[in-house]
Amino acid sequence: MRELTTGPRVLLRRLRELMAEVLEPQERLDRIVREIAQNMVAEVCSFYVLRSDGVLELYATEGLNPQAVHLAQLRLGQGLVGTIAASARPLNLTDAQTHPAFTYLPETGEEVYNSFLGVPILRAGRTLGVLVVQNRTKRAYREDELEALETTAMVLAEMVATGDLTRLTRPGVELDLGKPMSFSGNSFNDGVGLGHVVLHEPRIVVTNLFNEDSQRELERLQEAIGSLRISIDDMLSRRDVAAEGEHRAVLEAYRMFAHDRGWVRRLEEAIHNGLTAEAAVEKVQSDTRARMMHLTDPYMRERLSDFDDLANRLLRQLMGRDVKTVAESLVKDAIIIARSMGAAELLDYPRERLRGVVLEDGAPTSHVVIVARAMGIPVVGQVKGVVSMAENNDAAIVDGDDGKVHLRPQVDIETAYAEKVRFRARRQALYRELRDEPSVTKDGVEISLLMNAGLLVDLPQLVESGAVGIGLFRTELQFMIASTFPRAEQQERLYRSVLDAADDRPVTFRTLDIGGDKVLPYFRNSGREENPAMGWRAIRLTLDRPGLLRTQLRALLKAAGGRELRLMLPMVTEVGEVRAAREIIEREVRHLSRFAYSLPTRLRLGAMVEVPSLLWQLDELMAVVDFVSVGSNDLFQFLMAVDRGNSIISNRFDQLSPPFLRVLRQIVEAGTRNDTPVTLCGEMAGKPLTAMTLIGLGFRQISMSPASIGPVKAMLGALDMAKLNALLLEALHKPNGSHSLREVLSGFAEDNGIPL
Ligand code: PEP
Ligand code: MG
1 MRELTTGPRV LLRRLRELMA EVLEPQERLD RIVREIAQNM VAEVCSFYVL RSDGVLELYA
61 TEGLNPQAVH LAQLRLGQGL VGTIAASARP LNLTDAQTHP AFTYLPETGE EVYNSFLGVP
121 ILRAGRTLGV LVVQNRTKRA YREDELEALE TTAMVLAEMV ATGDLTRLTR PGVELDLGKP
181 MSFSGNSFND GVGLGHVVLH EPRIVVTNLF NEDSQRELER LQEAIGSLRI SIDDMLSRRD
241 VAAEGEHRAV LEAYRMFAHD RGWVRRLEEA IHNGLTAEAA VEKVQSDTRA RMMHLTDPYM
301 RERLSDFDDL ANRLLRQLMG RDVKTVAESL VKDAIIIARS MGAAELLDYP RERLRGVVLE
361 DGAPTSHVVI VARAMGIPVV GQVKGVVSMA ENNDAAIVDG DDGKVHLRPQ VDIETAYAEK
421 VRFRARRQAL YRELRDEPSV TKDGVEISLL MNAGLLVDLP QLVESGAVGI GLFRTELQFM
481 IASTFPRAEQ QERLYRSVLD AADDRPVTFR TLDIGGDKVL PYFRNSGREE NPAMGWRAIR
541 LTLDRPGLLR TQLRALLKAA GGRELRLMLP MVTEVGEVRA AREIIEREVR HLSRFAYSLP
601 TRLRLGAMVE VPSLLWQLDE LMAVVDFVSV GSNDLFQFLM AVDRGNSIIS NRFDQLSPPF
661 LRVLRQIVEA GTRNDTPVTL CGEMAGKPLT AMTLIGLGFR QISMSPASIG PVKAMLGALD
721 MAKLNALLLE ALHKPNGSHS LREVLSGFAE DNGIPL
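Quick note, the sequence shown lines up with residues 1 to 756 if you use UniProt numbering.
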């Protein structure tokens with residue numbers, strides 16, 4: 001075998017020339033395998049491509065019988081080639097025919113070759129094919145020869161991925177890269193979206209593979225790794241990070257990877273073999289992914305995504321400005337796929353181009369989901385593995401009704417969904433017809449359906465949905481999407497627009513509910529919080545920082561001059577907090593009246609019931625407020641001690657469980673006793689089944705995302721409230737240790753023809 005210090009470099013140069021030449025695809029492949037065989041002094045070089053039916057087909061060979069090309073086939077896992085593809089690991093064998101997996105394919109004439117070196121062709125951790133060299137003599141291939149073949153395989157991966165080979169593929173046969181895939185996740189927002197994939201954090205595509213000067217590339221790598229390490233050290237020394245346990249652990253893991261000698265050595269080796277620094281990062285990342293993909297240990301898989309993240313950071317360092325951002329090239333029908341994302345990031349995409357959102361993580365009550373819901377975009381979350389299997393521009397379907405995602409769907413699936421979209425459109429038209437109808441149950445009970453909002457984009461929905469008002473305006477959303485504290489005038493402007501849009505419909509503004517998972521990037525909590533959801537947030541924070549509350553109250557009071565102002569306090573734990581807030585409000589009112597501002601005609605103050613301690617102070621609370629609204633998202637989280645954002649447990653308990661329903665019933669009873677209006681504005685108000693249950697428990701006002709108003713109104717029209725009320729009260733009065741009444745309630749709906 002030739003001296004390999006120059007071998008791979010020469011080979012890569014030849015491959016580059018071959019890629020640039022105008023050649024028929026088969027001719028190009030034939031010449032590529034010939035070059036590889038020659039360069040590696042092998043008698044055989046064969047190139048197998050993985051098809052979507054799990055078959056590896058011989059696409060080109062030097063040395064084996066040329067008649068076998070496109071005829072020789074092995075299943076995934078069959079023979080040596082199939083084993084390499086299935087395990088995504090190389091095989092280096094001195095005597096291949098004695099290997100237990102060896103399968104003899106008579107058409108190839110390979111019986112005379114003894115030694116065998118095969119490597120998977122990988123891209124982003126996916127196996128696209130296998131590249132093999134063989135020799136007659138029994139020899140062991142050296143480590144550097146293996147490296148060289150892997151490097152070459154990477155170039156071939158690019159050819160497969162860019163679709164160069166599709167012309168060689170027989171009709172009806174597809175390459176694995178284009179294989180349709182379906183995923184199951186959880187529905188976070190209803191609706192169906194058809195479109196094309198936009199990876200939120202696009203995998204950086206390295207186009208410059210071959211290096212001109214290894215020394216120069218090594219220096220670039222050194223430099224980039226140096227900056228990467230500094231940036232991680234910087235992050236670790238920042239005060240806010242030092243204070244946060246979880247971030248710190250993750251960053252420590254990053255630091256460990258960034259200093260990992262093995263990683264750096266593999267990168268340097270790939271550069272020595274002729275790759276550019278960025279191509280080397282991609283190669284090593286792909287190898288690591290392929291090796292770790294099969295791990296099921298969640299801890300290790302988490303480490304894999306840390307590692308991916310690190311490699312991506314390094315790629316960004318190396319490619320700098322060349323990295324194209326998604327926004328520049330956003331397709332018209334984008335299905336955004338992300339591991340997780342912030343609410344503000346979603347708002348960076350133009351609404352009219354969004355068809356759906358798919359998240360690997362996320363929870364139904366996380367903020368990006370709340371914002372997506374407000375925007376009426378279908379969302380499926382908890383879709384494991386989707387990011388690595390999707391490529392930008394792949395066709396995709398998001399089925400928010402059933403929690404399914406289809407990548408590269410087959411025509412019949414697409415047709416079925418297109419029909420579903422048309423069906424939904426017809427149903428939407430039906431809901432629109434219901435829009436101006438009163439919302440009453442079949443037995444004549446009037447119910448107020450209000451909507452939740454928080455941003456200007458929500459306002460047109462007020463008229464379109466037929467909501468009778470805004471039951472919850474989350475003022476913190478304006479703060480969350482800003483890069484600095486919104487100024488008083490900006491706040492006032494938003495509130496005024498909301499009231500103008502609402503005309504004379506009631507709007508309930510909730511004062512700032514920040515803290516917990518609603519983080520403002522520009523506002524740092526100085527103390528360390530083990531449990532931020534139960535920490536310094538919402539009314540606790542604003543009472544401690546009255547300047548913040550005063551600014552907001554002043555903006556609200558001014559915006560509502562001459563009209564009614566409804567204010568609501570979040571996360572109230574004891575009645576004293578309402579009194580304290582009321583004092584601040586009254587002081588602001590006095591201040592404004594001194595300066596002759598026009599004041600609200602009437603001020604109504606309410607509290608959210610979302611901390612369980614209030615359940616034992618309902619009468620005292622109702623004596624000092626004008627209304628209460630149940631925040632069922634948080635109340636459920638605190639009552640059941642189940643983190644609403646933690647996907648591992650968020651489905652463990654049911655909001656339709658007897659204990660939670662009993663609590664809700666108690667709140668309704670307290671409202672009746674004290675003549676205090678009670679509403680509910682958590683996510684459970686927006687699903688027809690849970691909304692039906694709320695009405696059965698006695699709620700007469702509920703507030704939900706605007707897209708839910710139509711379906712909930714349609715449900716109401718078919719509901720005999722008295723009948724459901726009797727059923728529910730009976731179920732809740734007698735001992736009932738069941739996990740949930742969901743089945744009983746869906747059975748009731750089905751038996752009574754109630755559309756859910
Ligand atoms: C709730 O907790 O139910 C609620 C409506 O408030 P948020 O989801 O904003 O915490
Ligand atoms: Mg809440």
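Note that beta-carbon positions come from the ideal geometry of N, C-alpha and C, so glycine has one too.
As the structure is a computational prediction, the values presented were derived from the model and not from experiment.
Starting from residue 48, follow its DSSP beta bridges and name the residues at the other end.
In the DSSP output, where bridge partners are listed per residue, residue 48 has 58, 130.
From residue 324 to residue 206, what distance separates their C-alpha atoms?
With a pLDDT of 44 at residue 324, under the threshold of 50, the predicted position of this residue should be treated as unreliable, and no value is reported.
Which runs of the beta strand (DSSP E) at least 3 residues long sit entirely within the region 489-564? Give them in chain order.
Qualifying beta strand (DSSP E) stretches, in chain order: 507-510.
Can you name, in chain order, every residue of its own chain whose Cβ lies under 8 angstroms from the Cβ of residue 275, other than the five neighbours on each side?
Taking residue 275 as the centre and dropping the five residues before and after it, the same chain places the C-beta of 12, 151, 154, 209, 210, 211, 217, 283 closer than 8 angstroms to its C-beta, in chain order.
Alpha-carbon to alpha-carbon, residue 409 and residue 170
Those two C-alpha atoms are separated by around 20 angstroms.
Where does residue 405 land, buried or exposed, given buried means 16+ other C-beta within 10 angstroms?
Residue 405 sits buried, since 16 or more C-beta atoms from the chains shown fall within 10 Å of its C-beta.
Below 8 angstroms, can you find three or more Cβ-Cβ pairs linking the region 593-606 to the region 636-653?
Short answer: they don't touch.
For the structure I just gave you, are there three or more beta carbon pairs, one from the region 84-101 and one from the region 57-65, closer than 8 angstroms?
By the C-beta criterion, the region 84-101 is judged not to be in contact with the region 57-65, since fewer than 3 inter-stretch pairs fall below 8 angstroms.
Looking at the unbroken beta strand (DSSP E) that takes in residue 405, where does it start and where does it end?
In the DSSP annotation of this structure, the continuous segment of the beta strand (DSSP E) that includes residue 405 starts and ends at 404-407.
Can you grab the Cα-Cα spacing for the pair residue 340 / residue 570, in whole Å?
Straight through space, the alpha carbons of residue 570 and residue 340 are spaced by roughly 26 angstroms.
Give me the Cα-Cα distance between residue 626 and residue 704, rounded to the nearest whole angstrom.
When only Cα atoms are considered, residue 626 and residue 704 end up about 21 angstroms apart.
Looking at C-alpha atoms only, which residue of 466, 429, 528, 555 is the closest neighbour of residue 487?
Taking residue 487 as reference, the option from 466, 429, 528, 555 with the minimal CA-CA separation is 555.
Only counting the same chain, and skipping five residues up and downstream in sequence, which positions put a Cβ closer than 7 angstroms to that of residue 28?
Excluding sequence positions up to five before and after residue 28, its CB lies within less than 7 angstroms of the CB of 18, all in the same chain and listed in chain order.
May I have all residues whose beta carbon comes closer than 7 angstroms to any heavy atom of ligand 2, sorted in chain order?
That query returns the following residues: 513, 570, 571, 608, 610, 631, 633, 634.
Please confirm whether any heavy atom of ligand 1 lies closer than 8 angstroms to the CB of residue 362.
No - ligand 1 has no heavy atom lying nearer than 8 angstroms to the Cβ of residue 362.
For my contact list, residue 115 and residue 98 are in at a C-beta cut-off of 8 angstroms; report their separation, rounded to the angstrom.
Not confirmed; about 12 angstroms, so no contact.
Checking the sheet assignment: what are the DSSP bridge partners for residue 844?
Residue 844 lies beyond the stretch modelled for the chain, which goes from 1 to 756, so this question has no answer here.
Buried versus exposed, by CB contacts within 10 Å (16 or more), residue 355
With 16 or more other Cβ atoms within 10 Å, it is buried.
Tell me whether residue 437 is buried or exposed, calling it buried when 16 or more other Cβ atoms sit within 10 Å of its Cβ.
Residue environment for residue 437: exposed (fewer than 16 other C-beta atoms within 10 angstroms of its C-beta).
Could you tell me if the beta carbon of residue 373 falls within a distance shorter than 8 angstroms of some heavy atom in ligand 1?
With a cut-off of 8 angstroms, the C-beta of residue 373 is classified as distant from ligand 1, since no heavy atom of the ligand falls inside that distance.
For residue 472, verify whether its CB is less than 8 angstroms away from any heavy atom of ligand 1.
Because some heavy atom of ligand 1 lies under 8 angstroms away, the Cβ of residue 472 counts as near it: yes.
Count the other CB atoms within 10 Å of the CB of residue 450; is the residue buried (16 or more) or exposed (fewer)?
Buried: at least 16 other Cβ atoms inside 10 Å.
How many Å lie between residue 534 and residue 633 at the Cα?
Each residue's Cα considered, the two are about 14 angstroms apart.
Spatial distance of residue 286 from residue 125 (CA atoms)
So the two alpha carbons sit approximately 5 angstroms from each other.
Tell me where the beta strand (DSSP E) around residue 453 begins and ends.
Start and end: 448-453.
Tell me, please, which residues DSSP counts as bridged to residue 354.
Residue 354 is bridged by DSSP to 334.
Endpoints, the alpha helix (DSSP H) within which residue 715 is located
Note, residue 715: alpha helix (DSSP H), 709-717.
CB-CB under 8 angstroms to residue 407, same chain, minus the five flanking residues each way: which ones, in chain order?
In chain order, 180, 181, 182, 183, 197, 386, 389, 390, 394, 395, 396 place their CB closer than 8 angstroms to the CB of residue 407, counting only its own chain and leaving out the 5 sequence neighbours on each side.
Taking all protein chains shown into account, decide if residue 566 is buried (16 or more other Cβ within 10 angstroms of its Cβ) or exposed.
It is buried - the Cβ of residue 566 has at least 16 other Cβ atoms within 10 Å.
Residues in the same chain with beta-carbon distance under 8 angstroms from residue 561, minus the five sequence neighbours each way, listed in chain order, please.
By the criterion of a C-beta distance shorter than 8 angstroms, residue 561 is surrounded in its chain by 597, 598, 599, 600, once the five residues flanking it on both sides are discounted.
Proximity below 9 angstroms, CB of residue 343 to CB of residue 199:
Not in contact: residue 343 and residue 199 (Cβ atoms no closer than 9 angstroms).
Helix or strand or just coil, what does DSSP make of residue 112?
In the structure shown, residue 112 sits in a helix (DSSP, three-state: H, G or I).
Among 591, 619, 383, 376, whose alpha-carbon lies nearest the alpha-carbon of residue 648?
Closest by alpha carbon: 383.
Rounded C-alpha distance that separates residue 757 from residue 398
This structure gives no information on residue 757, because the portion of the chain shown stretches from 1 to 756.
On a Cα-Cα basis, can you pick out the residue from 469, 264, 260, 70 that is closest to residue 221?
Nearest to residue 221 by C-alpha distance, out of 469, 264, 260, 70, is 264.
Return yes when the Cβ of residue 174 is within less than 9 angstroms of the Cβ of residue 351, no when it is not.
Judged by their CB atoms, residue 351 and residue 174 are not nearer to each other than the 9 angstroms cut-off.
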